[in-house]
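**Student:** Before anything else, here's the structure in question.
Numbering (my numbering), first residue to last: 44 to 412.
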């Protein structure tokens with residue numbers, strides 16, 4: 044388990060950690076920039092290799108590669124660690140605001156979510172190596188390329204590796220030194236397509252059937268579902284439609300984000316959305332709803348609760364009282380939990396303002412985390 048001696052050793056690694064963090068943050072690795080994600084993988088490969096891991100890099104189809112590092116240990120249990128190499132930021136962001144440190148905080152695109160998280164896992168393994176420990180039967184570390192858009196290419200690999208594991212440690216960021224994530228809402232992504240009839244808006248508007256008018260009414264009805272099912276949130280996040288102001292719109296489209304805390308509520312909101320989008324109010328328009336849950340809810344199982352209890356014991360040995368929190372954000376932890384694997388999430392570095400220009404991590408929390 045953790046000890047004050049581990050913390051002392053961890054403190055000696057902080058300077059090296061910061062050097063690696065600077066290098067990773069300054070790599071331009073937005074999800075849709077696969078060459079940048081590949082640069083992150085290239086940087087990480089030798090660091091896993093020097094810890095005795097066999098490293099495999101699997102090419103992506105349209106996105107970046109997946110990095111899988113494996114190593115046998117001398118203890119018990121098969122452990123899967125997961126972190127993602129992609130960020131949400133557009134091309135050129137690291138050049139515009141590169142890594143910097145000020146007032147005990149490190150800043151830069153992806154520093155919190157979650158390049159520091161990958162390093163927390165890597166340096167935990169480095170710390171064990173420095174103390175001559177490998178307290179697992181087998182450790183697998185997955186660095187994937189597309190978590191920020193729901194892991195569309197790496198998702199099957201996440202499930203595959205989860206089925207080979209007894210426990211999953213997901214290195215998403217933490218919001219406090221004494222906090223980890225023990226539950227996450229499921230994430231649903233839906234698209235509503237509305238069809239109408241075009242007409243000249245000034246000469247013969249009565250011949251048109253406005254898809255935008257219909258979509259507006261569906262949006263009101265969809266947002267009303269926020270009060271219908273406990274713990275469920277629904278948000279129409281993007282809309283588009285029409286061609287010109289003087290044409291009655293013959294098409295419109297909306298993308299809908301849904302979060303649900305349990306399998307039961309996920310089924311309930313799916314049914315409710317399909318009911319709301321079944322029958323149009325504007326005569327002559329059509330509705331077509333597609334999509335569903337890309338991440339199932341991560342509900343804390345007995346096995347996950349046991350894993351959290353072990354983490355609490357380790358934290359107590361450092362004088363910390365570890366708190367388990369839940370969040371509406373999804374992660375690859377939803378997928379590992381869906382496979383029935385004991386899962387502990389939010390195990391990365393602390394900070395705040397993910398997906399924001401002010402995103403930061405707390406340098407003082409590197410060693411204890």
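Backbone N, C-alpha and C fix where the C-beta goes; we use that ideal spot for every residue, glycine too. Since the model is a prediction, treat every value here as computed from it, not as a measurement.
Taking residue 130 as the reference, give the member of 301, 332, 402 and 324 with the closest Cα.
**Tutor:** The option with the nearest alpha carbon to residue 130 is 402.
**Student:** In three-state terms, what does DSSP make of residue 131?
**Tutor:** Looking at residue 131 - three-state DSSP - the assignment turns out to be coil, as it is neither helix nor strand.
**Student:** Which residue comes first and which comes last in the beta strand (DSSP E) that contains residue 222?
**Tutor:** That run of the beta strand (DSSP E) goes 222-227.
**Student:** Considering only DSSP beta bridges, list what residue 121 is partnered with.
**Tutor:** Answer is 181, bridged to residue 121.
**Student:** Residue 292 and residue 326: beta carbons closer than 7 Å?
**Tutor:** It is not a contact, given that the beta carbons lie outside the stated cut-off.
**Student:** On the DSSP bridge assignment, give the partners of residue 293 in chain order.
**Tutor:** The partner list for residue 293 (beta bridge, DSSP) is empty, contrary to what the question assumes.
**Student:** Let me check one thing: in DSSP terms, what residues is residue 236 bridge-paired to?
**Tutor:** BP columns for residue 236 point to 296 and 331.
**Student:** Return the CA-CA distance between residue 405 and residue 393, expressed in angstroms with no decimal places.
**Tutor:** Going by the C-alpha atoms only, they are around 6 Å apart.
**Student:** Report yes if the CB atom of residue 274 is closer than 7 Å to the CB atom of residue 179, and no otherwise.
**Tutor:** For residue 274 and residue 179, no; Cβs fall outside 7 Å.
**Student:** Restricting to Cα atoms, I'd like to know which of 333, 354, 185 and 61 is closest to residue 148.
**Tutor:** Residue 61 is the option with its Cα nearest to residue 148.
**Student:** What residue range does the beta strand (DSSP E) around residue 101 cover?
**Tutor:** Counting along the chain, the beta strand (DSSP E) containing residue 101 begins and ends at 97-101.
**Student:** Give me, in chain order, the residues of the same chain whose beta-carbon lies closer than 6 Å to that of residue 363; leave out the 5 immediate sequence neighbours on both sides.
**Tutor:** Closer than 6 Å at Cβ, skipping near neighbours: 221.
**Student:** To the nearest angstrom, how far is it from the Cα of residue 335 to the Cα of residue 231?
**Tutor:** Answer to the nearest angstrom: the Cα atoms are 5 Å apart.
**Student:** With distances taken between CB atoms, is the gap from residue 410 to residue 68 smaller than 7 Å?
**Tutor:** The answer is no: Cβ separation not under 7 Å.
**Student:** DSSP three-state call for residue 156: helix, strand or coil?
**Tutor:** Three-state result, residue 156: helix.
**Student:** If you follow the alpha helix (DSSP H) that residue 85 is in, where does it begin and where does it stop?
**Tutor:** Counting along the chain, the alpha helix (DSSP H) containing residue 85 begins and ends at 77-92.
**Student:** Should residue 367 go down as buried or exposed, given a rule of 16 or more other Cβ atoms within 10 Å for buried?
**Tutor:** By the neighbour-count rule (16 or more Cβ atoms within 10 Å), residue 367 is buried.
**Student:** Reducing DSSP to helix, strand and coil, say where residue 142 ends up.
**Tutor:** Correct three-state label for residue 142: coil.
**Student:** Closer than 8 Å is the cut-off here; do at least three beta carbon pairs connect the segment 344-361 with the segment 291-310?
**Tutor:** In short, these stretches do not touch, since the Cβ pair count stays below three.
**Student:** Would you list, in sequence order, the uninterrupted alpha helix (DSSP H) runs of no fewer than 4 residues that lie entirely inside the segment 346-385?
**Tutor:** Runs found: 375-381.
**Student:** Mapping the DSSP letters down to three states, classify residue 109 as helix, strand or coil.
**Tutor:** Of the three classes helix, strand and coil, the one that applies to residue 109 here is strand, per DSSP.
**Student:** For residue 377, which residues in the same chain have their Cβ closer than 8 Å to its Cβ, ignoring the five residues on either side in sequence?
**Tutor:** The residues are 227, 229, 230, 338, 339, 340 and 341.
**Student:** Kindly identify the DSSP beta-bridge partner or partners of residue 395.
**Tutor:** Partner(s): 403.
**Student:** Does the beta-carbon of residue 49 have 16 or more other beta-carbons within 10 angstroms, so that it is buried, or is it exposed?
**Tutor:** Residue 49 comes out buried.
**Student:** Leaving out the 5 sequence neighbours to the left and right, which residues in its chain are closer than 6 Å to residue 385 when beta-carbon positions are compared?
**Tutor:** Taken in chain order, the residues that qualify are 210, 346, 347 and 350.
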